[in-house]
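Student: Dropping the structure in here first, questions after.
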Amino acid sequence: ANEGKVEVHSVTVDCKVTSRFAHTVMTSRALNKANSSQEIFFEVELPKTAFITNFSMEIEGQVYVGEVKEKEKAKKQYEKAVSSGQTAGLVKVSGRKMEKFSVSVNVAAKSNVTFVLTYEELLQRKLGQYEILTRVKPKTPVNEFQIVADIYEPQGIAFIDVHATFLSNDLLPLVEKTVTEKKAHISFSPTMEQQRTCPSCDGTLIDGDFIIKYDVNRAKNLGDIQIVNGYFVHFFAPPDLPRVPKNVVFVIDRSGSMSGKKIAQTREALLEILKDLHEEDFFALIEFDHMVSPWRQSLSKATKDNVAEAMKHVHKLRDMGATNINDAVLRAVSMLVKDRQAKRLPDRSVDMIILLTDGMPNSGESNLGKIQENVQSAIGGNMSLFCLGFGNDVDYSFLDVMSKQNKGLARRIYEASDATMQLQGFYEEVSSPLLSEVDLRYPDNAVEFLTTNHFSQLFNGSEIVVAGRLTDNDLDNLLVEVFGQGFEDDFKVQGQASASNWDVIYPDEEYIFGDFTERLWAYLTIQQLLEKSKSGSPDEKVNATAKALEMSLQYSFVTPLTSMVVTKPETEDGTDSPLIADKLTEEQRQQAERGQAHQLASPALYTRTHAYQSPPTYFVDGD
Amino acid sequence: PHFMIELPDRGDALCFNINDKPGTIFTLVRDPESGILVNGQIIGDKKIPPDGKINTYFWRFGIIHQTLGVRLEVSTREISVFQDGKRVKLLWSDTASLKGPNVDLLVTKDRSLTVTLKDSVKFVILLHKVWEKHPYHRDYLGFYTLDSHLLSPSVHGLLGQFYHGIEYEVTDLRPGEVPEKPDATMYVKGQELNVTRGWQRDFRRDVKNGENVPCWFIHSNGTGLIDGDETDYIVSGLF
């Protein structure tokens with residue numbers, strides 16, 4: 225705000241990761257040097273996979289703390305403030321991986337303000353690594369600037385890489401990295417002078433992404449099970465499993481809207497993907513507009529000759545016509561079914577369809593619900609459907625639901641110069657199944673509130689995570705079994721997990737771990753309930769939404785069902801100007817990108833209600 | 157431990173904390189007329205937490221009903237009932253009920269013990285099980301009076317003194333240290349106290365998370381609200 229009249233004293237990012245569960249606190253302190261009050265803005269970007277858990281502002285010694293409330297209720301409660309434009313909190317999309325949280329407050333002359341934002345996320349293993357992404361843009365050099373990350377991984381840290389988009393040769397040595405077997409400490413704390421673009425300049429070099437990438441030592445067979453505080457989490461990604469051959473049908477949209485860059489990038493990506501096919505894989509190409517045109521009538525083994533033929537065909541890919549997704553996908557399904565029936569495909573192999581489209585179906589069946597129904601019924605749980613939504617015109621939620629109904633997942637492909645890389649990257653993630661129909665089992669009488677424990681596939685470079693609550697706090701050994709179908713044999717392991725003594729693993733640490741396993745479990749459960757609330761039966765959707773809401777409130781997570789509400793100090797005209805932070809869904813992000821600004825709004829003090837029961841009670845209990 | 161006095165007639169509640177050295181035994185209820193006594197002993201965390209705040213909790217209660225000749229000792233480990241020279245031991249790990257002429261007990265596995273003493277008092281003791289390997293915390297107990305209307309007017313103790321109601325007024329609501337917790341002035345027992353609006357938790361329906369109950373918090377170990385100070389309630393033995 226008003227450059228020169230606001231001094232940013234400190235910007236600190238403190239990230240603690242314990243067994244992939246990251247807890248990040250961003251703090252910023254500024255002084256209004258002006259002789260009159262002025263609006264000071266706090267804008268930060270956080271990963272879209274993270275949930276905000278806390279936000280507070282300290283102004284003139286008064287702390288204003290955020291509270292997580294039910295989104296719909298908060299909206300209704302503050303409709304009036306919303307309609308009169310008294311809203312302040314805003315969450316916006318910021319690129320592909322981040323979303324922006326911004327607030328502004330009026331700060332009196334010569335006064336300080338401190339903003340603290342906390343968010344949490346479960347880091348996902350992709351292509352063999354976890355990534356912690358911190359985006360920093362302090363705009364001017366800051367007296368105290370610090371990024372600190374402490375990573376605690378009881379499995380042991382296999383490698384750790386740190387880089388930042390703004391790291392020059394001068395700044396690079398300032399990144400301190402201390403890695404021991406199970407712990408890593410990373411810090412970056414340039415002085416004000418080191419931050420400057422030139423010795424007497426006001427500009428700062430610090431502007432961009434600070435990225436930490438690491439992996440843990442993979443535990444063989446059973447995986448790694450951690451039992452802490454009555455909750456357990458099971459990480460499963462054993463090393464050295466042979467990949468399972470796949471039978472993949474690429475269903476490619478070549479309709480008119482794909483013209484220009486999109487069709488060129490699709491062509492380019494397909495050529496690279498075809499090159500990467502393993503010889504034991506089978507593949508097919510089906511192009512579609514209003515017509516469906518298979519390259520061949522059945523799948524072909526990925527021999528050098530067949531791949532070369534396919535590449536020649538891909539070179540000829542041209543855009544034309546309308547979009548008939550229904551018939552194209554159904555054709556892919558029937559091709560796989562027929563080839564299976566004719567025993568042209570190996571017994572132990574995985575069937576998958578990869579659909580790439582950029583638009584809404586407008587030819588043949590165009591009712592989205594009906595298409596989902598047709599596809600689900602044709603697939604019948606026998607293959608996986610992965611969908612790539614190219615650009616902003618496609619209805620992403622339609623693809624997302626359709627994939628999830630069919631053991632797959634969807635991904636948005638952003639229209640940009642790197643779209644080819646995005647397409648390839650997604651393919652790389654899903655192209656190496658190691659196991660299929662993976663079941664992780666625990667004794668019914670020992671665990672409850674288990675997160676999803678059946679997975680259609682385990683892909684190379686990814687990780688399966690299951691968490692749950694133990695019914696017995698004193699449990700020393702938890703019996704665990706994992707079943708799956710591998711390339712040559714069935715995968716079956718059994719073993720016992722025991723609670724580790726964290727005091728022994730990290731003897732020099734204070735008790736920092738608290739309830740991270742419980743929060744990890746809650747985060748995972750909420751994510752899965754939110755998925756279920758989109759793709760389950762009507763009853764399941766209602767129940768999943770209600771449960772996800774209850775847990776979001778209980779664990780103070782800002783999810784798409786809740787809002788973080790902070791009452792700001794009164795402005796000079798005596799009005800309260802509350803602010804609210806929401807969590808965007810992928811659909812909302814897409815809408816926002818289409819130009820529909822997503823403004824979220826308002827609210828004031830919230831009174832908790834408690835149903836008093838008669839007669840009176842008098843009690844004493846723990847604090 | 158946190159104490160809570162719920163006053164449904166007023167739609168309000170009062171609360172305070174009592175802390176002392178681990179090992180201290182407090183009298184919670186003493187009714188000389190009916191011969192009822194409830195004492196509780198506190199323990200602390202396994203070691204001092206990083207914030208340096210020592211938390212104490214009840215881990216053992218001794219309950220006597222002299223007239224009925226019943227004595228109960230309830231700890232986080234086990235439950236013992238002594239009557240007519242006999243001892244019955246119950247475990248928290250079993251669901252069990254015991255119905256006698258003077259006393260009814262109901263143990264809900266790893267969760268609660270409901271005690272009904274004939275024609276006098278009904279209460280429930282909650283077991284809070286903490287992860288065994290937790291570096292700081294350990295198991296503790298909560299004590300909830302469910303029915304006390306048959307006790308005599310002379311009943312006393314840290315909880316007992318409130319069984320027949322309490323008169324108080326709260327005025328002068330003003331901003332506190334945090335916006336959600338305003339301060340106010342409370343007039344009670346002829347004194348003027350600075351109190352703070354806050355919440356404490358009732359764990360009866362949800363033993364893990366509890367439910368927040370808004371209440372007026374009386375600072376400094378309930379000074380001004382309780383008769384005397386907390387040291388007046390310290391006793392040397394559980395019975």
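Protein chains in written order, with the working numbering: chain W, 225 to 847; chain F, 157 to 395.
We put the CB at the ideal spot given by N, CA and C, even for glycine.
Would you say V344 of chain F reaches chain W, if we count a Cβ-Cβ gap shorter than 8 Å as a contact?
Tutor: So, not an interface residue.
Student: For a contact meaning CB atoms closer than 9 Å, what does F318 of chain F contact in chain W?
Tutor: Residues of chain W passing the Cβ test: P840, Y842.
Student: Would the region 222-230 of chain F count as touching the region 258-271 of chain F if we require 3 or more Cβ pairs under 8 Å?
Tutor: The region 222-230 of chain F is in contact with the region 258-271 of chain F.
Student: Within a Cβ cutoff of 6 Å, which residues of the same chain sit near Q370 of chain W, ignoring the five residues on either side of it in sequence?
Tutor: For Q370 of chain W, where only same-chain residues beyond five positions count, the Cβ hits under 6 Å are T236, S413.
Student: Going straight from the alpha carbon of F574 of chain W to that of T695 of chain W, what length do you get?
Tutor: The residue you asked about is not Phe; residue 574 of chain W is Val in the sequence shown. Each residue's alpha carbon lies about 37 Å from the other.
Student: Can I410 of chain W and Q419 of chain W be called in contact, C-beta distance under 8 Å?
Tutor: Not a contact, by the Cβ cut-off of 8 Å.
Student: Apart from the five residues just before and just after E811 of chain W, which ones in its own chain have a Cβ nearer than 7 Å to its Cβ?
Tutor: So the list reads Y620, S621, once near-sequence residues are dropped.
Student: Step through the CB atoms of chain W and report whether any lies within less than 8 Å of the CB of E229 of chain F.
Tutor: No, E229 of chain F lies away from the interface with chain W (no Cβ there is under 8 Å from its Cβ).
Student: Starting from I161 of chain F, find everything on chain W with Cβ-Cβ shorter than 9 Å and list it in chain order.
Tutor: The answer, in chain order, is P840, T841, Y842, F843.
Student: At a Cβ cut of 8 Å, what residues of the region 447-459 of chain W count as close to chain F, listed as they run along the chain?
Tutor: For the region 447-459 of chain W, which is checked against every Cβ of chain F, the residues closer than 8 Å are V452, N453, G454.
Student: Using a Cβ-Cβ cut-off of less than 8 Å, give me the residues of the region 191-225 of chain F that come near chain W, in sequence order.
Tutor: Cβ contacts with chain W: G196, P205, P206, N211, Y213, F214.
Student: Hey, quick one: how far does the alpha helix (DSSP H) through F740 of chain W stretch, first residue to last?
Tutor: That run of the alpha helix (DSSP H) goes 740-759.
Student: Can you tell me the Cα-Cα spacing of K206 of chain W and E162 of chain F, whole angstroms?
Tutor: No answer is possible for residue 206 of chain W: it lies beyond the span of chain W, which begins at 225 and ends at 847.
Student: Grouping DSSP H, G and I as helix and E and B as strand, with all else coil, what is P365 of chain W?
Tutor: In this structure, P365 of chain W counts as coil in the three-state DSSP scheme.
Student: Over the uninterrupted beta strand (DSSP E) stretch that includes M416 of chain W, give me the two end residues.
Tutor: Counting along the chain, M416 of chain W falls outside any beta strand (DSSP E), though it belongs to the alpha helix (DSSP H) covering 416-419.
Student: Note down, in chain order, every chain F residue with its Cβ under 7 Å from the Cβ of G290 of chain W.
Tutor: Under the 7 Å cutoff, chain F gives no residues; its nearest Cβ is about 11 Å from G290 of chain W.
Student: So what does DSSP say about L674 of chain W, is it helix, strand or coil?
Tutor: Looking at L674 of chain W - three-state DSSP - the assignment turns out to be coil, as it is neither helix nor strand.
Student: What residue from W:V440, W:Q353, W:F383, W:N677 has the CA that sits closest to E377 of chain W's CA?
Tutor: Residue W:V440 is the option with its Cα nearest to E377 of chain W.
Student: Specify the secondary structure class of H312 of chain F as computed by DSSP and reduced to three states.
Tutor: DSSP places H312 of chain F in strand when its eight states are reduced to three.
Student: When the Cα atoms are used, what is the spatial distance from S780 of chain W to V292 of chain W?
Tutor: Taking the straight line joining both Cα atoms gives about 6 Å.
Student: Return the residue from the list F:R361, F:P309, F:K245 that minimises the CA-CA distance to L282 of chain F.
Tutor: Of F:R361, F:P309, F:K245, the residue nearest in Cα terms is F:R361.
Student: Mind checking if T791 of chain W is an interface residue toward chain F, Cβ cutoff 8 Å exclusive?
Tutor: Output row for T791 of chain W: interface = yes.
Student: State the Cα-Cα distance for the pair P132 of chain F and G200 of chain F, rounded to the nearest angstrom.
Tutor: Residue 132 of chain F is absent from the model: chain F starts at 157 and stops at 395.
Student: Residues of chain F with CB closer than 9 Å to the CB of Q720 of chain W, please, in chain order.
Tutor: Those do not exist, as Q720 of chain W stays about 16 Å from chain F at its closest Cβ, beyond 9 Å.
Student: For the region 743-777 of chain W, enumerate the residues whose C-beta is nearer than 7 Å to any C-beta of chain F, in chain order.
Tutor: Flagged: no residues at all.
Student: Return the chain-ordered ranges of every alpha helix (DSSP H) run that is complete within the region 470-517 of chain W and spans a minimum of 4 residues.
Tutor: The qualifying runs are 485-500.
Student: Report back the beta-carbon spacing between I637 of chain W and P585 of chain W to the nearest angstrom; my notes put them in contact at under 8 Å.
Tutor: That pair is no contact at about 18 Å.
Student: Starting from D448 of chain W, trace the alpha helix (DSSP H) in both directions and tell me its first and last residue.
Tutor: From DSSP, D448 of chain W is part of no alpha helix (DSSP H) but of the beta strand (DSSP E) over 448-452.
Student: Please list, in chain order, the chain F residues whose beta carbon lies closer than 9 Å to that of V287 of chain W.
Tutor: The answer, in chain order, is E333, V334, P335.
Student: Does any residue of chain W have a CB that is nearer than 8 Å to the CB of Y300 of chain F?
Tutor: It does: the Cβ of Y300 of chain F has a partner Cβ on chain W nearer than 8 Å.
Student: Quick check on the burial criterion: 16 or more other C-beta atoms within 10 angstroms. Buried or exposed for C422 of chain W?
Tutor: The residue is exposed, with fewer than 16 neighbouring Cβ atoms inside 10 Å.
Student: Do three or more CB pairs link the region 639-659 of chain W to the region 667-677 of chain W at distances below 8 Å?
Tutor: Touching, no, given that fewer than three Cβ pairs across the two stretches are closer than 8 Å.
Student: In chain W, what lies closer than 8 Å to N365 of chain F by C-beta?
Tutor: Neighbours of N365 of chain F on chain W, chain order: Q778.
Student: Using C-beta distances below 7 Å, list every residue in its chain close to V331 of chain W, excluding the 5 sequence neighbours before and after it, in chain order.
Tutor: Hits under 7 Å: N256, S261, Q262, I264, I283, V337.
Student: Can you grab the Cα-Cα spacing for the pair K628 of chain W / V230 of chain W, in whole Å?
Tutor: If you take the alpha carbons of K628 of chain W and V230 of chain W, they lie about 49 Å apart.
Student: In three-state DSSP terms, what is L541 of chain W?
Tutor: The answer is coil: DSSP assigns L541 of chain W none of H, G, I, E or B.
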